[in-house]
Amino acid sequence: MMAGSSQRPVYACAGWEIDLARRELRSMGAPVPLGGRAFEILAELVEAEGELVSKNDLTERVWRGVFVEESALRVHIAAIRKAFGADRDMLGTTVGRGYRLVGAWRVRQMDAPLLSAAPDPLPSTNIPTASFDLVGRSTAIAHLCELVSAYRVVSLVGPGGIGKTALALQAARSLPAGFAADRLLIELASLSDPAFVPSAVAGALGIKLEGEEISPQSVARSIGGRQLLLILDNCEHVVDEVAKLAETIVSRCSRTTIIATSREALRIDGEHVYRVPALSVPPESRLAPDAICEYTAAELFITRARALGSSFAMDEENLAGVAAICRRLDGIPLAIEFAAARAVMLTPPKIAAILDDRFKFLTSGRRTALPRQQTLRATLDWSYDLLPEAEARVLRQLGIFAGEFLLDAAIAVSGENASDVTGQLANLVAKSLVVADIRGDHPYYRLLDTTRAYALEKLRASGEYCDAARRQAEYYCSFFAGAESESELKPQPEWLAIYGRHIDNVRASLDWAFSSGGDAQIGAALTAVAIPLWVQMSLLAECRERTELALARLDDDAANAARLRMQLSAARGWSLMYGVGRGREAGPAWAATLRLAEQLGDWDYRLRALWGQCIDQFNNGEFRKALEFAHRFAEIVAYSSNSVDRMMADRLLATTLHYLGNQKLAHHHMARTLSRLSDLSPKPQVVRFRFDLRSSAHYFHARILWLLGLADQALGVVARNVEEGRASGHALTFCSVLGQGACPITFLAGDLDAAESYCKLLIEHTERHPIRLWNIWAHAFRGVVMARRGAVAAGLTALRKALEQAGDARYLPRFLLPLGELAVCLGEAGDVSLGLATVDEALVRCEARDERWYEAELLRIKGELLLRAGSHHSVAAAEQAFDKAFAVAQGQGALSWELRTAISLAGLRISQDRPVEAHRILASVYGHFTEGLETADLRRARAMMGQLSSG
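In our numbering, the protein residues as written are 527 to 1477.
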C-alpha cells in the first residue's frame, strides 16, 4: 500500500523498527546510530521482504550509477551488522551473491511529525579551501568517505602529526554530491575548559538559546532534523565532554553525522574508530631509486622539499637518505614536512644523520599552523602534558625500550604494581602514544621512534634513567636464560618469533651496561645468554664485538665468571672463524674454551671447543692437525649414549678426509653420518655447533658424490639441500648450502644457468645478511661463471677484484676453485705466464697444507696452460702434469677429475694424430660412469669418442 504524504512506513520485527521517513533505525524505541548510505542499503533490504538482493543491485540502487569497489559495500554491511549488535544475524549473507533481511518484518503507517524549526539560514560550510595537496592519502580519503556514509560517528585516531585534521577536512570536501549536508568545522584545540564544548558547537552552528543553558541536550534540540556533518577537531583534551555531546546528538538528530579527530577514541555507542595510518615508508633493504619514490612518505618529502625550493639530485645516495629519513620519522607526515623544510640547506643524507637531535632540528612548521604543530617538540608536549602523572611516568619508563616489548617487560622496567602498569599501558595505547600489535599469542608494544626519543629525554631529565636501564638489562637476562635450550626444541622461525623481536632492546641494555654509569657484570651475563640470538640471526661481526667487550670487562672474581668466560670465548671463536676466516685469534679462543670446559667438567662445551679447533685448522690450512682434532673428538664420543655426538664425529672425519683428498673414506664416514640423521630432531638445530647439522651434512655429501663420479645423485642432493637450507631460516647455513654445494657442483657439472642462478641467490642473501666473506666469494664465483660463458675480460676483472678484497681469506678452502679458474681465465686472456704462476702457487699451497681435494684439477689446468702457444709451451711438461693429475685422481677415487684429465690428454693425442690412443684414454675412464651421462664433461667425452670412431 502506498503511503500518503502525511504518513510514513515503519517496518518492525522483534523490537527493531526501520523508519523510512525519518531514516532511523530503532531498538525498543531508542534510535540506533547508522550512517546515511548504510540506512539506504537497509531500506532496500527491508523493502525486498526477505528476498535476496544481489550485490550488483544494491550498489546500483544505493550509489546510483557511480562505480564503487565491492569493499565499499562491505564497509556498509559491517556498519549495519554493528548496529544490530547481538541480533547481527538478522542480516543474512549468501556468499558471493548478496544479502537479505531475515525475520518477520511487519509494515505499518504512522503520521509523520513536523520537523523542528531550523535556525536562520547559514552558509553550507565553514571548511577552508585546501591550501596544499594532501600527498599519499587518496586511498585513506576514499575509505573515510565510505565510513562517513556508513556510520554516524567516525573518529580519526592517531598520534600527533599523523594528519588527522588534514584528512578529515579533505574527506569533508570530497564527499559525493548526494551527501547534501551542511559541513561545519568546530576547532576545539583552544578550549581550556571542557564545559565550553557545547558553546563552541552552538557558536559554529549559529544557535541562539535565549535564557536557556547551553548543554548537549539543548544543542541537539536546536539541530533537530537538519542534515549536518560536524567535524569536531582536536578532541583529546576535552574528550569526555565531546563524547557526551556526540552521543546526545546522534541519538536525537537522525540526519547529523560527526567526524571527530583525537588522539584517543570517544568510546560511545555507534562510533567507528579509524586509526589513521602512517605514510608508507621504504624498507631497510636496498631499493632502486624509482622504487623508493613509490612510497608515500618519500613522495611527501620530495614534494614538500621541491615546493620550498630544494633542488637535490634524485640520485641513489640522496634517495637512500630520503628513505632513511622516512623510516626514522615513522612515516609521520608532520615530522616529514619539518625535515623536508631543511632540504633547502642540507642534503637528505645529512638530514638523516642529524635526526638524533630531531627536537632541536625539526622546528620549521607552517606559520599558519596551530602553535602545537609548529615544532616537533610542541606536538609531543601537547600529548604529554595531558597525561596523569602515573601514565606520564610509565611513558617515560617505556622510552628505555629501543624496539618492541612485552607487557611483562613493561611491568619489570616500570618497577610498579602489575595491574596498575597494565591499565596505564592500555590507556597509553588508547591515546595513540604506544602502538600495540595484537596479532600473535602475546601482544607486543612499541613507541614510534620520535615518541621514544621524547620519552627517553624525559626519562633522563627525571633522574630515572639508570634504574630503568638496570631493570631492563636484568629482565632480558632472565628472558633469554632459556633461549639456547629452546633453540634445540623449536623451529628457527618459531624461535626467532619469540626472541628475535627483542634484539634492539638487548643492544640498548648492553650499551648501558658497558657505559660509564652501567654494570659490566650484568652486561657480561646478558651477552652470554644472548649469544643464541646472534647465532640464529648470523650476526657474526656483532657477536665478535659484543663478546670481546664482555670478555675484556668480565671480573674473574665474580660468581660464575669461569662459566661466563667459557661461553663468551666459544662465541668469539665462532664469530672469528666464520666472520674473519683465517683469523689467528680464533684458535686461542677455542683453546681457552677447551681449557675452561675441562676445568668445569662441561662435556658439551668440550665438544664444541674440539669441533671449533678442527674447523679453525681447516681455515688456516692445517688439514693434518684438523684430522687430529677430528679423531680426538671421535675418541671422546665413541662410547657416548648420544648418537648425535657420534654422528658429529663422523661428520668431522668425512669433511676432513674430503679436503685431504681421500674421497672413498670420506664417503664411508658420510654414509655413517647420514644413517644417523634420523636421530636428529626434525627441526633445524643450529645453536650448539652454530650451523644446521642436517643441511651441512648434505652439502658435503653432494661434493663427495660429485668427485666420486655420481653426478646425478650429487645434483639431486643439491636441489633438495637448497630447499632444506632455505627452510632452515639460518642465514650462515644457507650461505654454505649455496657456496659449498650448489654453486660449485652445478658449475662443475656444466649447468651454467643453475650456477648463475644460485650465485645470484647467494649475492642477494649476503647483501640482506652481513656475511662478508661469503659475499666476496659469491662475487668471485660470478666472475668465474661470466668467464666460462665467454665474457673472459669482464669475468677476469670481477674475479681479480673479489680475490683482492678477500685478502688472506683467499687461503680458505672455498677459494681454491676460484683460484684455479683464475689461472684458466689468465690463459684464455693470453697471459699464460701469470696463469702458470697462479696455478703453481696454488699447487705449492696444496702440497704444503695437504689440501688435496682440488689438486688433480689444478694439475690438469697447468697442463692445458703449458699447451698454449708462447715461451712456456711444452708438450712434455704438459704430459707430465696430465700423468700426475691421473695418478692423484685415481688415488683419491675422484672419477670426475679423472675424466677431465682424460679429456685434456685425449685432446693432446688428437693434436698429435694419435686417435686410437685418444679413444682408449677416454673409453677407459668413461666406462666407469654409471650415471650423470648428460653432464657437460660426459657429453663432451662421448662426442669426442663418437668423432674418433667415425674418423
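Each residue gets a CB set at the ideal place from its N, CA and C atoms; glycine is no exception. Quick caveat: nothing in here was measured; it's all calculated off a predicted structure.
- Remark: three or more beta-carbon pairs, one from each stretch, lie closer than 8 Å, so the segment 1059-1075 and the segment 1027-1038 are flagged as touching.
- Short of 6 Å from the beta carbon of A956, and not among the five residues preceding or following it, lie these beta carbons of its own chain, in chain order: E790.
- Shown here for M1173: same chain residues with a beta carbon closer than 6 Å to its own, the five before and five after excluded, namely T1199, R1202 in chain order.
- Assigned with DSSP and collapsed to three states, R552 falls in strand.
- Y625 sits in a strand when the DSSP states are folded into three classes.
- Looking only at V727, A1240, K581, L617, the smallest Cα-Cα distance to L710 is reached by V727.
- In the pairwise beta carbon analysis, the segment 573-580 is classified as touching the segment 615-627: at least three pairs are separated by under 8 Å.
- In the same chain as K770, and ignoring 5 residues on each side of it, the C-beta atoms closer than 6 Å to its own belong to P742, in chain order.
- Counting every other CB atom within 10 Å of its CB across the protein chains shown gives P559 a total of 16 or more, marking it as buried.
- Three or more beta-carbon pairs separated by less than 8 Å are not found between the segment 1298-1305 and the segment 1314-1321, which leaves the two stretches without contact.
- Pairing S553 with R590, the inter-Cα distance amounts to about 29 Å.
- Straight-line measurement puts the Cα of G1417 at about 26 Å from the Cα of R1158.
- Looking at A1164, V1163, G1138, the one whose alpha-carbon comes closest to that of A1152 is G1138.
- In this chain, the alpha helix (DSSP H) harbouring A994 covers 991-1005.
- The bridge partners DSSP lists for S788 are V683.
- Looking from the CA of R830, the closest CA among S958, R1229, V594, L860 belongs to L860.
- By the CB criterion at 8 Å, S958 and V683 fall inside the cutoff.
- In this structure, L1077 places its C-beta atom within 8 Å of the C-beta atom of S1095.
- The shortest CA-to-CA distance from E575 to any of G966, V1243, I544 is the one to I544.
- In the three-state scheme derived from DSSP, where H, G and I count as helix and E and B as strand, T948 is classed as helix.
- When the beta-carbon positions are compared, A564 and H602 come within less than 8 Å of each other.
- Take W1060, set aside five residues on each side of it, and the residues of its chain with a beta-carbon closer than 8 Å to its own are L1066, E1068, C1069, R1072, A1097, S1101, in chain order.
- V960 sits in coil when the DSSP states are folded into three classes, being neither helix nor strand.
- Note on the segment 841-921: whole alpha helix (DSSP H) runs with a minimum of 4 residues are 842-854, 859-867, 874-879, 884-887, 902-911, in chain order.
- In this structure, the CA atom of E1383 is about 14 Å from the CA atom of G1235.
- Taking the Cα positions, T1461 is about 19 Å away from E1347.
- Distance between V679 and D795, taken at the CA atoms: about 9 Å.
- Between the alpha carbons of P654 and L754 lies a gap of roughly 17 Å.
- Of all alpha-carbon atoms in G562, A928, G561, E573, the one lying nearest the alpha-carbon of V536 is that of E573.
- Shown here for L1431: same chain residues with a beta carbon closer than 6 Å to its own, the five before and five after excluded, namely F1408, I1447 in chain order.
- According to the DSSP assignment, T651 belongs to no alpha helix (DSSP H), since it is labelled neither H nor E.
- Q696 and I667 have their C-alpha atoms some 7 Å from each other.
- The criterion of a C-beta distance shorter than 8 Å is satisfied by D1238 and G1458.
- The residues A804, L805, S806, V807, A823, in chain order, have a CB closer than 7 Å to that of G857 in the same chain once the five nearest residues on each side in sequence are set aside.
- The segment 1390-1397 makes contact with the segment 1350-1358; the number of CB pairs closer than 8 Å reaches 3 or more.
- In its chain, beyond the 5 residues on either side, A981, K984, L985, S988, E990 have a beta carbon closer than 7 Å to the beta carbon of R922.
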